[in-house]
Amino acid sequence: MFCNQCEQTSGGVGCTRVGVCGKSPEAAALQDLLIHQLKGIASIAMAGYEAGVSDRDAQVFTAEALFSTVTNVDFDPEHLAEVIRTGDAVKRSLRAAVEAAGGAIDESKPGVTFTPADTLAGLIEQGEQVGHFPDAERDEDVRALQQTAVYGLKGVAAYADHAHILGHEDEGVFRFMHELLDALSNRSLDLDDWVGLTLKTGEVNLRTMELLDAANTGAYGDPVPTNVPLGHRPGKAILVSGHDLKDLKDLLVQTVGLGIDVYTHGEMLPAHGYPELKKHPHFFGHYGTAWQNQRKEFDAFPGAILMTTNCIQAPRETYAANIFTTGRVAFPGTTHVRNGDFSPIIHRALELPGFTDELDAGTVTVGFGHEAVLSVAPKVVEAVRSGAIRRFLLVGGCDGAKPGRSYYTELVEKAPADTVILTLACGKFRFFDKKLGEIDGIPRLMDVGQCNDAYSAIRIAQALADAFGVGVNELPLSLVLSWYEQKAVAVLLTLLHLGIRDIRLGPTLPAFITPAVLDVLVQSFGIRPIGASAEDDLREILGAA
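Start counting the sequence shown at 679; every next residue gets the next number (this note's numbering).
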């Protein structure tokens, strides 16, 4: 196996024996095979577009399958094999439609003539033969950009899948997935072409996050500032982790009147700000912190646990019978819930003891989406003009277990009282419960939401820039981001597409970036790694204020 798509990849180079994330070599081989299959589907789809054929099943499958290869999503070889067999049926149907329309399919392209083996062992062997997706015949810088673009595309696919589930789609997003996957076999594309495709991935991700924002707010209302308990109360309990708001809503509906309280974990915390979710009285509070702490936190949870998307880790035996997966997420030995029927997890929650005591652990506030923040924009603008607010710091992104992430805690703790911290994604758990106070009634710590709510942060920044009559790069705003997996890559590419400069990124830079590509990022966008000291970086940031 070879996998280098996450920040924690082994030795800062790549995982070759087993994934640091817990991915087995067998799962890695099947994910490689799935990408190979998607290349073939994409090539046939591109021929179809030229012939006037647009196959929605192929488009949706491409997004779902790409999402399955995101870090900590699908580690189950049997489930991945099922996805590959579904893909074969999708490809056959697509091919028939394209041929019927007179489309010209290039049979020589990778994956076009691929036929899955009949057995799981055979599929794994095929995946091992296919290997890692970049074109080995290209130079290392082109391969680096191919990886950057495809990893970003996986993030796009995750957001597109969430939006699709809520009925929001844009065919242009699906078409770009096929365009990029097909481009992997086009050796006429040079380094500049791949720079363009990589930045276009960021552009398409912006549109995808816009779709998901419209989907979430359309279904559940615009988030409003909401205090969320960090403790618990006596009663049966279900814990929901991941990102999927529809799964949470369906579970809340199915547990009405059953005496079960529903708690969030990880990036589900912002769900408490949505009016259509928070209206349920048994949607009680938040339990735990970020994904990498789940084995300890889930072990102590006295109820059932639902994983809706990434990030799942190998469950301990002590709670393996209590954890359920749904959607794209799967792990060997866990019960996978299909079709939104959560009766198995409800039944398990009723069997388990739940909480027997009451714990008041304080609250945190969520719900600072773009509508909530922009509703007080004049007050924010006045605070900046008066000098009450010196600078905004966007400190967010993915959390992880690798040493060095305490930098983000230190940065927020040492930020002076005339700064405002915007945060999003699970990186917030390094400081989400800090009591930073207010500036003229404006909270100094504002949780914008999940990782996809980078769209809200962008909307806020653009609105403030318009109010001051400047570009975003001229705002008193500094971005200090943490990354772990491919959705963070997609968000970073969106920021680069928008021309946002001087981003600090950590805790380490991606293993798939070569020195030459890094030099392009530094020269063109001023991107830089976080420093050894948060205090020194903060001094430099505020010196620019």
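The C-beta atom is built at its ideal place from N, Cα and C for all residues, glycine as well.
The structure displayed is predicted, hence computed values, not measured ones.
Beta-carbon proximity check, residue i vs residue j, cutoff 9 Å
i: L1089; j: F1046; result: no
i: Q1164; j: T749; result: yes
i: L844; j: K924; result: yes
i: L1030; j: S1156; result: no
i: L929; j: F1009; result: no
i: A705; j: F753; result: yes
i: D1077; j: S1160; result: yes
i: P788; j: S863; result: yes
i: E1152; j: A1143; result: yes
i: T1013; j: I1001; result: yes
i: P1121; j: T996; result: no
i: L908; j: Y837; result: no
i: G944; j: T967; result: yes
i: V1073; j: V1158; result: yes
Span separating the alpha-carbon of residue i from that of residue j
i: H714; j: A1166; result: 23 Å
i: V790; j: D766; result: 10 Å
i: F962; j: T942; result: 8 Å
i: C684; j: G1032; result: 35 Å
i: P1185; j: S1211; result: 11 Å
i: G809; j: C681; result: 10 Å
i: A1039; j: F979; result: 15 Å
i: S732; j: V940; result: 41 Å
i: V698; j: G780; result: 47 Å
i: S786; j: G935; result: 59 Å
i: D1131; j: P1207; result: 23 Å
i: L869; j: V1195; result: 10 Å
i: Y1162; j: T687; result: 10 Å
i: T879; j: G830; result: 7 Å
i: G1075; j: V851; result: 23 Å
i: V873; j: N905; result: 43 Å
i: E728; j: K1092; result: 56 Å
i: G689; j: L1102; result: 28 Å
i: H960; j: G692; result: 44 Å
i: S1053; j: V1059; result: 12 Å
i: D1096; j: E1213; result: 16 Å
i: K701; j: A897; result: 34 Å
i: K717; j: A835; result: 15 Å
i: V931; j: T797; result: 40 Å
i: C989; j: M887; result: 19 Å
Classification of residue i by the beta-carbon crowding that lies within 10 angstroms, buried from 16 upward
i: H1025; result: exposed
i: T1004; result: buried
i: Q807; result: exposed
i: D735; result: exposed
i: S746; result: buried
i: E818; result: exposed
i: T793; result: exposed
i: R1217; result: exposed
i: V828; result: buried
i: V659; result: Nothing about residue 659 can be reported from this structure: the residues present for the chain run from 679 to 1223 only.
i: R1182; result: buried
i: R773; result: buried
i: E975; result: buried
i: A814; result: exposed
i: P993; result: buried
i: R676; result: The chain is shown from 679 up to 1223; residue 676 falls before or after that span and cannot be answered.
Same chain, Cβ closer than 7 Å to residue i, five either side skipped, listed in chain order
i: T1034; result: P912
i: P812; result: R821, Q824 and Q825
i: T1192; result: E818, D819 and A822
i: F801; result: The sequence given here places Leu at residue 801; Phe does not occur at that position. Around L801: L708, L711, A759, I762, P794 and A795.
i: M679; result: C693, T694, P703, A706 and A707
i: V776; result: I722, A725, G726, A729, V731 and I783
Residues near residue i in its chain [Cβ-Cβ closer than 6 Å; skip 5 each side]
i: D860; result: A720, S721 and M724
i: L1199; result: I1205
i: A1066; result: I1117 and D1118
i: G833; result: Q1164, K1165, V1167 and A1168
i: K1057; result: none
i: P953; result: G899
i: M985; result: S919, G920, T1003 and V1007
i: P948; result: V1044, G1127 and Q1128
i: A841; result: L889, L890 and A893
i: L950; result: Residue identity differs from the one stated: residue 950 is His in this sequence, not Leu. Hits under 6 Å: T904, V906, K956 and V1044.
Integer Cβ distance of residue i from residue j, believed to fall under 8 Å
i: R1083; j: R1108; result: 6 Å
i: R1069; j: L1220; result: 6 Å
i: L889; j: H846; result: 5 Å
Sequence-distant residues of its chain with Cβ nearer than 8 Å to residue i (five each side left out)
i: A1079; result: Q686 and Q970
i: E1036; result: G909, H910, R911 and P912
i: A1223; result: Bear in mind that the predicted position of A1223 carries a pLDDT of just 49, short of 50, making it too unreliable to give a figure here.
heavy atom of the ligand COA below 8 Å from residue i C-beta
i: H846; result: Among the ligands in the structure shown, none appear at all, so the ligand COA cannot be discussed.
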